[in-house]
Amino acid sequence: MLTRLSGGRVYDPAHGIIGQVRDLFIRDGRLVAPPGPEERIDREYDLSDRVVMAGAIDMHTHIGGGKLNIARAMLPEDHRGDPLARTDLTRASSGHAAPGTFATGYRYAEMGYTACFEPAILPVNARQAHMEMGDTPMVDKGGYVMLGSDDFLLRMIAAGEDHRRINDYVAWTLVATHCIGIKVVNPGGISAFKFNQRMLNIDERHPHYGVTPRDIVRVLSRAVHELGVPHPLHVHASNLGVPGSAESTLQTIRAAEGRPIHLTHIQFHSYGTAGDRKFSSEAARIAEVINHTAGASCDVGQILFGQTVTASGDTMAQHRNAAHASPRKSVVMDIECEAGCGVLPFRYRDKNFVNALQWAIGLEIFLLVNDPWRVFLTTDHPNGAPFTTYPHLIRLLMDRSFRNERLEQLHPDAQGMTTLKTLKREYTLHEIAILTRAGPARLLGLDDLGHLGVGARADITVYRDLRDRERMFATPEYVFKDGEVVVREGRVVAVTWGRYHVVRPAFDPDIARRLGEHFDRYHTMRAEHLRISDGEMGDFGHGAEVVTQPCRE
Amino acid sequence: MPMPPDPAPTGALRDVACPFCGLVCDDLVIDPSSQRLQVIANGCPLAVAGFGRDSEAGGATVRVAGQPATMEAAVAAAARLLCDARQPVIGGLGTDVAGARAASQLAERAGAVLDHMNSAAAMRNLLVLQDSGWITTTLSEVRNHADLVIIAGADIPRRMPRFFERCIANRETLFSGERRCEVVYLGRGPGPEGAAGTSSSTIGCDAIRLHEAFSALRALVGGRTIGATEAAGVPIARWRELAERCRAARYGVIAWMAADLDFPQADLTVQGICEFIRDLNRHTRFAGLPLGGSEGDLTADAVLLWQTGFGLRSSLAGGCPDQDVYHYSAERMVRRGETDLLLWISSFNADRTPPPTDIPTIVLGRADMTLAQEPAVFIAVGTPGVEHAGHLFRTDRVVALPLRSLRPSPLPSAAEVLAAIDAAMRELAPC
Numbered sequence: 078m079l080t081r082l083s084g085g086r087v088y089d090p091a092h093g094i095i096g097q098v099r100d101l102f103i104r105d106g107r108l109v110a111p112p113g114p115e116e117r118i119d120r121e122y123d124l125s126d127r128v129v130m131a132g133a134i135d136m137h138t139h140i141g142g143g144k145l146n147i148a149r150a151m152l153p154e155d156h157r158g159d160p161l162a163r164t165d166l167t168r169a170s171s172g173h174a175a176p177g178t179f180a181t182g183y184r185y186a187e188m189g190y191t192a193c194f195e196p197a198i199l200p201v202n203a204r205q206a207h208m209e210m211g212d213t214p215m216v217d218k219g220g221y222v223m224l225g226s227d228d229f230l231l232r233m234i235a236a237g238e239d240h241r242r243i244n245d246y247v248a249w250t251l252v253a254t255h256c257i258g259i260k261v262v263n264p265g266g267i268s269a270f271k272f273n274q275r276m277l278n279i280d281e282r283h284p285h286y287g288v289t290p291r292d293i294v295r296v297l298s299r300a301v302h303e304l305g306v307p308h309p310l311h312v313h314a315s316n317l318g319v320p321g322s323a324e325s326t327l328q329t330i331r332a333a334e335g336r337p338i339h340l341t342h343i344q345f346h347s348y349g350t351a352g353d354r355k356f357s358s359e360a361a362r363i364a365e366v367i368n369h370t371a372g373a374s375c376d377v378g379q380i381l382f383g384q385t386v387t388a389s390g391d392t393m394a395q396h397r398n399a400a401h402a403s404p405r406k407s408v409v410m411d412i413e414c415e416a417g418c419g420v421l422p423f424r425y426r427d428k429n430f431v432n433a434l435q436w437a438i439g440l441e442i443f444l445l446v447n448d449p450w451r452v453f454l455t456t457d458h459p460n461g462a463p464f465t466t467y468p469h470l471i472r473l474l475m476d477r478s479f480r481n482e483r484l485e486q487l488h489p490d491a492q493g494m495t496t497l498k499t500l501k502r503e504y505t506l507h508e509i510a511i512l513t514r515a516g517p518a519r520l521l522g523l524d525d526l527g528h529l530g531v532g533a534r535a536d537i538t539v540y541r542d543l544r545d546r547e548r549m550f551a552t553p554e555y556v557f558k559d560g561e562v563v564v565r566e567g568r569v570v571a572v573t574w575g576r577y578h579v580v581r582p583a584f585d586p587d588i589a590r591r592l593g594e595h596f597d598r599y600h601t602m603r604a605e606h607l608r609i610s611d612g613e614m615g616d617f618g619h620g621a622e623v624v625t626q627p628c629r630e
Numbered sequence: 004m005p006m007p008p009d010p011a012p013t014g015a016l017r018d019v020a021c022p023f024c025g026l027v028c029d030d031l032v033i034d035p036s037s038q039r040l041q042v043i044a045n046g047c048p049l050a051v052a053g054f055g056r057d058s059e060a061g062g063a064t065v066r067v068a069g070q071p072a073t074m075e076a077a078v079a080a081a082a083r084l085l086c087d088a089r090q091p092v093i094g095g096l097g098t099d100v101a102g103a104r105a106a107s108q109l110a111e112r113a114g115a116v117l118d119h120m121n122s123a124a125a126m127r128n129l130l131v132l133q134d135s136g137w138i139t140t141t142l143s144e145v146r147n148h149a150d151l152v153i154i155a156g157a158d159i160p161r162r163m164p165r166f167f168e169r170c171i172a173n174r175e176t177l178f179s180g181e182r183r184c185e186v187v188y189l190g191r192g193p194g195p196e197g198a199a200g201t202s203s204s205t206i207g208c209d210a211i212r213l214h215e216a217f218s219a220l221r222a223l224v225g226g227r228t229i230g231a232t233e234a235a236g237v238p239i240a241r242w243r244e245l246a247e248r249c250r251a252a253r254y255g256v257i258a259w260m261a262a263d264l265d266f267p268q269a270d271l272t273v274q275g276i277c278e279f280i281r282d283l284n285r286h287t288r289f290a291g292l293p294l295g296g297s298e299g300d301l302t303a304d305a306v307l308l309w310q311t312g313f314g315l316r317s318s319l320a321g322g323c324p325d326q327d328v329y330h331y332s333a334e335r336m337v338r339r340g341e342t343d344l345l346l347w348i349s350s351f352n353a354d355r356t357p358p359p360t361d362i363p364t365i366v367l368g369r370a371d372m373t374l375a376q377e378p379a380v381f382i383a384v385g386t387p388g389v390e391h392a393g394h395l396f397r398t399d400r401v402v403a404l405p406l407r408s409l410r411p412s413p414l415p416s417a418a419e420v421l422a423a424i425d426a427a428m429r430e431l432a433p434c
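If you read the protein sequences in the order shown, they are chains E and D. Numbered according to our numbering, the first sequence spans residues 78 to 630. Numbered according to our numbering, the second sequence spans residues 4 to 434.
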């Protein structure tokens, strides 16, 4: 079966194609070279005047795992306002801040997304995370597994173990939990909180192990680099949300000692202490450092106004912020000598000074980081806002007058604390395609996603070129997954289950014996049972294929 | 802990996960060579009983109207009943992840209400989670961090026999070779097999008055003046002593079992515990340990939550999910005549049978189940972790352990039967 998508204006940054009219050809779920004149075209879509991009990739979205299920359990009121009835095709679910997995998959696809990456998988909770992602239809998925507050690693670092052993442990964890990257959250801080430590600065020693967040970032970024894992260490830096957090962020970048590092939801880590309220934007300073540090990248974690829920591994920060929960309820949980989680509903208000400035800081980051390949479009779903706000966020980036109109509605003092109004930059479609497709695929090492070259998976989104970019990106005309139309006019018309993407670096199997002994001595389960089999992944994912992405030599 | 000297015969299965309580211990050694599985090491009374039953016991494994039937006929009869029902209820829900997924899909097609046999207890916790939240911890954290564990009215030895062995009695922790963990029993004492080898004390009071105790403790920890001389029938001086001990703990834990707080509005007792814990975290580290997770209750809840956004006691009538912790009680709906069909799933425990009712009932249960009333349709299903593989969530709702098939069995899984009924319903227009 050969399909032609003809006459669309194609945005394929990976190949330097910026809005040129091209025909695309699809066979067996992949893009193929233009056929010879003798070959029969079985299906044709006339995409004249349409904007054609690869399927979008969300590289940081909390879509599965224990903390999301806690959020769902806590928020019946949120689901009640957004029910999703079953149809002959789709399952019943409910949405908004912490949607059910079915709603998550359908709505991502309806916005033109075809791959999502869950950024905070605890090893002990990886099986649940994959069950949930397996029940998330339409999109490919993958996860980053959390290390850095687990006692096994902290003991290794404290004991000054040979780095090769640490690499073995990191590799074993990636393979056992079927993940594609390593995440560190408040390095060492989740563990320190269990010892009643309430803050942990980058050079402060862990109360029991004596190691510092800087040590942990250095060790893990080195392990990820030496193992050849394409995605750099994914770092939720120390002091999230704290006025003055920008300093921790800059120090965290330095802690990687020149190795690649990805700073996640950097908006929450770009705060200063200037002004009457001792809360200010350091976005310019952060963006400047990102601009001048070749190996550094960031996703923004933009906040948008309205009700959401924050779900994070950072128990230290979530406990600190529990009083700000709205409605006033929160869950904080210490988990298995490995990590933790904190969940609190939150309502960002445009008339609140801090929230208004957070909104502006996120946009400042977007507009001040020069290289669109090193900044990614996220709201840290659902922490800054539900992912369904992405079309609105894209409009804020692409439409300066719209942005300034919104700015004028904010808390007046916040308007005085941001340079946003002076920033003239408007994102182009080409740049949006980088932020949401080509960039994430390159950063994660996904060779056949995020672009429209020959050999790519035919995950393709087709938009009408509307002046209102919010409307345009909310309702694609077509979404193709593996070459088949799965969304038409923003509605699911066929259900697929996507794939899992993983990396499998090599390791000395002796690490499994050591972990086994450690678990038998200190834990309450066998280490062997952390390991998820390929068969289990298939069962969880409705037969989804597990794709092993290559590590670099 | 090191394994005991190896008594296992060849062919023994190691690292077996046990599905018979919420601890889901995964270190059992089982001899599968005889008709009844024998737990050779790391067992407990629940495991010995659960694994040791005779799976061949009982009558015909598939019955329609009390008569032996083929699986096809039973599935068709069940599908017909579901199609004809105006408001079916899928209750019991004693099954694994795959079974819960299949039940959810079937409920959607049938427009059914979903509830678990243990929901009454689960709701005592859920109401707190939805109203104010909590600070909690997990088993390995207790094992390593806790230096004070308060057990609030819970009969842990009976419901989770190995809890003390696995989480309290260990001498060595990640941080010390000489663990000191004090245990305080509130309400119910330790019983004969309680926390052997640990320092423990008991403050006796009725479970129904525990909320008074925690209210007094909160006031004391908050430094408020107390006029009363007693709370929950215990002199204030005793509570003052405990409050001071809590303030001095480095990592305190309060464990409760919602199933043992079996009185009206027990959610307020749970909330009292959780608010006390929240207050203590202003000074030190303290966490709750809501123990539970039998018969797959947490598993069913987790699956429904991630799929639909709502957990147990939810309805798919009308095609949209909704939750009501009061109205969608299967027990209440049966008692009040608000349902005209009950599908009951119980694959772990032969004693957990459906409530007495006059409405047609479909039972997917254990082969050795003795039913007071013959249901319209009975289909024997395997037990996850015995007759077939599966997954079960542990008490902490974090760890989902893989269960193995320990012996060949002709019995289908609940998931397979539910999927077959779903497929049969699809054939029966106009469902």
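For glycine and all other residues, C-beta sits at the position ideal for the given N, C-alpha and C. These numbers come from a predicted model, not from an experiment.
Does DSSP put Asp18 of chain D in a helix, a strand or coil? For the purposes of this step, residue 18 of chain D is identified with residue 15 of the second sequence, where counting begins at 1. Annotated three-state conformation of Asp18 of chain D is strand, per DSSP.
Answer yes or no: does any C-beta atom of chain D fall closer than 8 Å to that of Met494 of chain E? Within the first sequence, the letter at position 417 stands for residue 494 of chain E. Output row for Met494 of chain E: interface = no.
Endpoints, alpha helix (DSSP H) assigned at Val431 of chain E: Your numbering for residue 431 of chain E matches position 354 in the first sequence. Secondary structure note for Val431 of chain E: its alpha helix (DSSP H) is the uninterrupted segment Phe430 to Leu445.
Quick check: the Cα distance between Val152 of chain D and Ala320 of chain D, rounded to an integer number of angstroms? Counted from its first residue, the second sequence places residue 152 of chain D at position 149. Counted from its first residue, the second sequence places residue 320 of chain D at position 317. Distance between the alpha carbons of Val152 of chain D and Ala320 of chain D is about 44 Å.
Rounded to the nearest angstrom, how far is the Cβ of Glu359 of chain E from that of Gly349 of chain E, given a contact under 8 Å? Counting from one through the first sequence, the residue named residue 359 of chain E turns up at place 282. Counting from one through the first sequence, the residue named residue 349 of chain E turns up at place 272. Yes, they are in contact, since the Cβ atoms of Glu359 of chain E and Gly349 of chain E sit about 4 Å apart, within 8 Å.
Cα-Cα separation, Ile243 of chain E to Asp611 of chain E: On the first sequence, residue 243 of chain E is found 166 positions in, with the first residue counted as 1. On the first sequence, residue 611 of chain E is found 534 positions in, with the first residue counted as 1. Spanning the two alpha carbons is a distance of roughly 25 Å.
With a threshold of 16 other CB atoms inside 10 Å of the CB of Asp270 of chain D, please say whether the residue is buried or exposed. By one-based count along the second sequence, residue 270 of chain D stands at place 267. Burial call: buried.
Whose C-alpha, out of D:Val65, D:Pro413 and D:Ala76, is nearest the C-alpha of Met372 of chain D? The residue given as residue 372 of chain D occupies position 369 in the second sequence. Among D:Val65, D:Pro413 and D:Ala76, the Cα nearest to that of Met372 of chain D is on D:Val65.
Select from E:Ser403, E:Gly372, E:Asp376 and E:Ala371 the residue whose C-alpha is nearest the C-alpha of Val386 of chain E. Position 309 of the first sequence, counted from the start, is the residue given in the question as residue 386 of chain E. Per the Cα distances, E:Ser403.
Whole alpha helix (DSSP H) runs in the region 176 to 244 of chain E with 4 or more residues, listed along the chain? 178 to 187, 203 to 211 and 228 to 235
So if DSSP puts Ala391 of chain D in a beta bridge, which residue, or which two residues, is it bridged to? Along the second sequence, one-based indexing puts residue 391 of chain D at 388. It should be noted that the sequence gives His, not Ala, for residue 391 of chain D. Per DSSP, D:Pro387.
Going along chain E, which residues have a C-beta under 9 Å from Arg288 of chain D? Numbered from 1 along the second sequence, position 285 holds the residue referred to as residue 288 of chain D. Chain E residues near Arg288 of chain D: Phe270, Lys271, Phe272, Asn273 and Asp411.
Where Val201 of chain E meets chain D, residues with beta-carbon distance less than 7 Å: Counting from 1 along the first sequence, the entry for residue 201 of chain E is found at position 124. Within chain D, the residues near Val201 of chain E are Val401 and Val402.
Out of E:His285, E:Lys218 and E:Ala314, which one is the CA nearest neighbour of Ala236 of chain E? Working through the first sequence from its first residue, we reach residue 236 of chain E at position 159. Ala236 of chain E has its Cα closest to that of E:His285, out of E:His285, E:Lys218 and E:Ala314.
So Ala388 of chain E packs on Cys414 of chain E, CB below 8 Å; how close in whole Å? By 1-based counting over the first sequence, the position of residue 388 of chain E is 311. By 1-based counting over the first sequence, the position of residue 414 of chain E is 337. No, Ala388 of chain E and Cys414 of chain E are not in contact; Cβ-Cβ is about 21 Å, not under 8 Å.
Check whether Asp327 of chain D and Arg89 of chain D have beta carbons under 8 Å apart: Against the second sequence, residue 327 of chain D aligns to sequence position 324. Against the second sequence, residue 89 of chain D aligns to sequence position 86. No; because the gap between Cβ atoms is not below 8 Å, this pair is not in contact.
Could you compute how far the alpha carbon of Gln376 of chain D sits from the alpha carbon of Asp212 of chain E? Position 373 of the second sequence, counted from the first residue, corresponds to residue 376 of chain D. Position 135 of the first sequence, counted from the first residue, corresponds to residue 212 of chain E. Approximately 37 Å, taken between the alpha carbons.
Within 8 Å of chain D by C-beta, residues of the region 417 to 441 of chain E in sequence order: Val420 and Leu421
Whose Cβ in chain E lies nearer than 7 Å to the Cβ of Asp425 of chain D? Along the second sequence, read from residue 1 onward, the residue named residue 425 of chain D stands at position 422. Within chain E, no residue comes near Asp425 of chain D; the closest Cβ sits about 12 Å away, beyond 7 Å.
Excluding the five sequence neighbours on either side, which residues of its own chain have a C-beta within less than 6 Å of the C-beta of Ser170 of chain E, listed in chain order? As a working mapping, residue 170 of chain E is identified with position 93 in the first sequence. Counting only Cβ-Cβ distances below 6 Å, and skipping sequence neighbours, we find Leu161, Gly177, Phe179 and Ala180.
Answer with buried or exposed for Lys558 of chain E, where buried requires no fewer than 16 other C-beta atoms within 10 angstroms of its C-beta. Residue 558 of chain E sits at position 481 when you count from the first residue of the first sequence. Buried is the call here.
CB-CB under 7 Å to His214 of chain D, same chain, minus the five flanking residues each way: which ones, in chain order? Looking up residue 214 of chain D in the second sequence gives position 211. Leu271, Thr272 and Gly275, listed in sequence order.
The region 247 to 264 of chain E in contact with the region 212 to 227 of chain E per 3-pair CB rule at 8 Å: yes
Interface flag, Gln205 of chain E vs chain D, CB-CB below 8 Å: Mapped onto the first sequence, residue 205 of chain E falls at position 128. Cβ-Cβ to chain D under 8 Å: yes for Gln205 of chain E.
Reduced DSSP secondary structure (H/G/I, E/B, other) of Thr680 of chain E: The structure shown does not extend to residue 680 of chain E, since chain E is modelled only from 78 to 630, so the question has no answer here.
Whole alpha helix (DSSP H) runs in the region 292 to 365 of chain E with 4 or more residues, listed along the chain? Here the runs fully enclosed are 322 to 332.
Starting from the C-beta of Val380 of chain D, find all residues in its chain whose C-beta is less than 6 Å away, skip the five residues before and the five after it, and write them out in chain order. By one-based count along the second sequence, residue 380 of chain D stands at place 377. Here the set comprises Val67, Ala77, Ala80, Ala81 and Ile365.
Please work out which residues of its chain come closer than 7 Å, Cβ to Cβ, to Thr632 of chain E, disregarding the five sequence neighbours upstream and downstream, and give them in chain order. Residue coverage of chain E in this structure runs from 78 to 630, which leaves residue 632 of chain E outside it and unanswerable.
Evaluate the contact criterion for the region 26 to 46 of chain D versus the region 608 to 624 of chain E: three or more CB pairs, one atom per stretch, below 8 Å. no
Expressed to the nearest angstrom, what Euclidean distance is found between the alpha-carbon atoms of Cys434 of chain D and His119 of chain D? Taking the second sequence and counting its residues from 1, one reaches residue 434 of chain D at position 431. Taking the second sequence and counting its residues from 1, one reaches residue 119 of chain D at position 116. With a pLDDT of 49 at Cys434 of chain D, under the threshold of 50, the predicted position of this residue should be treated as unreliable, though the coordinate-derived value follows. Rounded to the nearest angstrom, the two C-alpha atoms are 25 Å apart.
Using a Cβ-Cβ distance cut-off of 8 Å, determine whether Cys170 of chain D contacts chain E. As a first step, residue 170 of chain D must be located in the second sequence, where it is residue number 167. It does; some Cβ of chain E falls within 8 Å.
Look at Leu406 of chain D and Leu395 of chain D and say whether their C-beta atoms are less than 8 Å apart. The residue labelled residue 406 of chain D in the question sits at position 403 within the second sequence. The residue labelled residue 395 of chain D in the question sits at position 392 within the second sequence. Result yes, Cβ atoms of Leu406 of chain D and Leu395 of chain D sit closer than 8 Å.
Over what stretch of residues does the beta strand (DSSP E) that includes Ala388 of chain E continue unbroken? The sequence position of residue 388 of chain E within the first sequence is 311, counting from 1. It spans Gly383 to Ser389 - the beta strand (DSSP E) in which Ala388 of chain E sits, taken as one unbroken run.
Locate the beta strand (DSSP E) running through Arg66 of chain D, then write down its first and last residues. Along the second sequence, one-based indexing puts residue 66 of chain D at 63. Element bounds for Arg66 of chain D: Val65 to Val67.
Would you check if the region 293 to 313 of chain D and the region 98 to 105 of chain D touch, i.e. whether three or more CB-CB distances between them fall below 8 Å? yes
Would a C-beta distance cut-off of 8 Å place Met210 of chain E and Gly143 of chain E closer than the cut-off? Counting from one through the first sequence, the residue named residue 210 of chain E turns up at place 133. Counting from one through the first sequence, the residue named residue 143 of chain E turns up at place 66. Against a cut-off of 8 Å, the Cβ pair of Gly143 of chain E and Met210 of chain E comes out as no contact.
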